[in-house]
Structures are given as C-alpha cells and as structure tokens.
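Worksheet: the structure to be examined is printed underneath.
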Amino acid sequence: MVPKTVMIFLEGLKANNSRDWFNENKDNYLQALKSYDNILEQLISSVGLFDDEVVGLKPKDAIFRIYRDVRFSHDKSPYKTHFGAYLARGGRKSPSAGYYVHLEADGSVLAGGIWRPESENLKKIRRAIDLYHEEFLQIVSEKIFTKWFGKLSSDDALVRVPAGFSNDSPVANYLRMKSFTVGHTFTNRDVLEPNFEERVVEACRAMYRFNTFLREAIDEK
Numbered sequence: 011m012v013p014k015t016v017m018i019f020l021e022g023l024k025a026n027n028s029r030d031w032f033n034e035n036k037d038n039y040l041q042a043l044k045s046y047d048n049i050l051e052q053l054i055s056s057v058g059l060f061d062d063e064v065v066g067l068k069p070k071d072a073i074f075r076i077y078r079d080v081r082f083s084h085d086k087s088p089y090k091t092h093f094g095a096y097l098a099r100g101g102r103k104s105p106s107a108g109y110y111v112h113l114e115a116d117g118s119v120l121a122g123g124i125w126r127p128e129s130e131n132l133k134k135i136r137r138a139i140d141l142y143h144e145e146f147l148q149i150v151s152e153k154i155f156t157k158w159f160g161k162l163s164s165d166d167a168l169v170r171v172p173a174g175f176s177n178d179s180p181v182a183n184y185l186r187m188k189s190f191t192v193g194h195t196f197t198n199r200d201v202l203e204p205n206f207e208e209r210v211v212e213a214c215r216a217m218y219r220f221n222t223f224l225r226e227a228i229d230e231k
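Laid out in structure tokens, this is it:
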C-alpha cells in the first residue's frame, strides 16, 4: 500500500507547481520520496524472484529526478508532478526492456517494454518479431497479458511496413512500431489499497515474457 501522505504530496504539487510551495513542503517531499523508495525496494525484491534482470538494483539508481529541465521547454513548471522509476538492468538509463512504476495523483501507471529503442536495437527487435512471429503473437495474446495491458500502444508507428519486411506479414502492424510498450493505469483508490504492491507484481509477471522477448532480440549478436 502506498501511504496516503505520498498521494497528498503529489496532489499538492500538481496544484502548486512552484519553487516557493516546494520549498515550504520540502520535508513532505523527502518523506514521500522515502516511502516511494521503500515501495520500490519491495517491488525489486518481489519481481527479482522471477526476473533476474532486476536483482541487485538499488531504488536510487532507478528513480528519475523530480526536477524538470526547462531550458528548451515552453512549459516552465519546475517540477514533475509524479514519482517515476525504471526497473531494468542498469536502472533508469537502461536501454533494455523493463518495468516503469509511475505514481501520480489521478495518473498512476505501471508500464513497460522499450520506448524508442536506438536504431540498431529497433532493427533487431523488428527482425526478431518477424522471424519468431508465432512466439511473439502467442506472448501478446496470452490471457494474463491482455487482461492487464490489452494491446501494445500503437501511437508511435510508421505509416508503412519498413523496407525489408513483407506487407503481408502476420505481424505487419508490429513491424511498423517505433516503440514496444504496454501499460496499465491505477486509480488513486487502487494505489491506496493494501494489495496495491501485490497487483503491481502480478502485472510485472504478466509482462515478463514480453520483456524477455525484447531483451533477447537486443542481445542477439
């Protein structure tokens, strides 16, 4: 369960995204961050029982900074209004597939996969999906997977199938994708339930085969 104080802080930050308010509530921020750190530590331990990739990961290496880089942004709000962490080999800077844990007032999400892989890794993933399309289709149509995530996000995709692949491929829609991600949203009430962390672990387990497929594609020599 996420302590209510965490969500109260995030609600306050969303309503008062200013340095003055943040500085006045710095102690509340540090308390909320500590609670988030503890939650991640428990999640890493639980997910590590079935996914070796997160074993030994420290929350501090997974958590993204709350301070925004506003140098090239029209939005000059100084802070992100959420806590976010990426549980993967190497932590938040990892190019590998992993689990993204996002806490936000009215916007909490567990997401995963790979967002915008670099060019060479994108080619490897597409080749693997094409070559092992039966396995891939089985993974993304598995009952537990669709229960949690439905379908892969198709927001980030090419108009046409990339060169080198058939338009008639049974995985043509996936070959057009530039990101391979899934997500499940949680309400504020969900987040405050005693079984929230258990549900997140269950969702991570449902995502495990998907992430493993992507990792193996990237690791292919």
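Add 10 to a position in the sequence shown, counting from 1, and you land on the number used in our numbering. Ideal Cβ placement from N, Cα and C applies to all residues, glycine included.
Tell me which residues share the same chain as residue i and place their Cβ nearer than 7 Å to its Cβ, disregarding the 5 neighbours each side in the sequence.
i: asparagine 198; result: Met17, Ala115, Asp116
i: glutamine 52; result: Glu207
i: tryptophan 125; result: Ser189, Thr191
Is DSSP giving residue i helix, strand or coil here?
i: valine 12; result: coil
i: valine 111; result: strand
i: glycine 22; result: helix
i: leucine 202; result: helix
i: phenylalanine 175; result: coil
i: alanine 216; result: helix
i: valine 169; result: coil
i: threonine 197; result: coil
i: valine 181; result: coil
i: leucine 147; result: helix
i: leucine 224; result: helix
Beta-carbon within less than 6 Å of residue i's beta-carbon, same chain only, minus the 5 sequence neighbours each way: which residues are those?
i: proline 13; result: Ser45
i: serine 163; result: Thr191
i: asparagine 38; result: Phe19
Taking all protein chains shown into account, do 16 or more other C-beta atoms lie within 10 angstroms of the C-beta of residue i, making it buried, or fewer, making it exposed?
i: threonine 191; result: buried
i: isoleucine 154; result: exposed
i: serine 129; result: exposed
i: histidine 84; result: exposed
i: aspartate 166; result: exposed
i: arginine 81; result: exposed
Identify, in the order they occur along the chain, each residue of the same chain with its Cβ nearer than 8 Å to the Cβ of residue i, setting aside the five sequence neighbours on each side.
i: phenylalanine 146; result: Ala138, Ile139, Val181, Tyr184, Phe223
i: lysine 157; result: Ala216
i: arginine 219; result: Ile149, Glu152, Phe155
i: threonine 15; result: Asn38, Gln41, Ala42, Ser45
* Asked: Which runs of the beta strand (DSSP E) spanning at least 3 residues fall entirely within the region 113 to 144, listed in chain order?
  -> Within the region 113 to 144, the complete beta strand (DSSP E) runs of at least 3 residues fall at 118 to 124.
* Whole runs of the beta strand (DSSP E) within the region 29 to 94, excluding any shorter than 3 residues -> Here no run is fully enclosed.
* Three CB pairs or more closer than 8 Å across the region 69 to 88 and the region 19 to 30 -> The region 69 to 88 vs the region 19 to 30: in contact.
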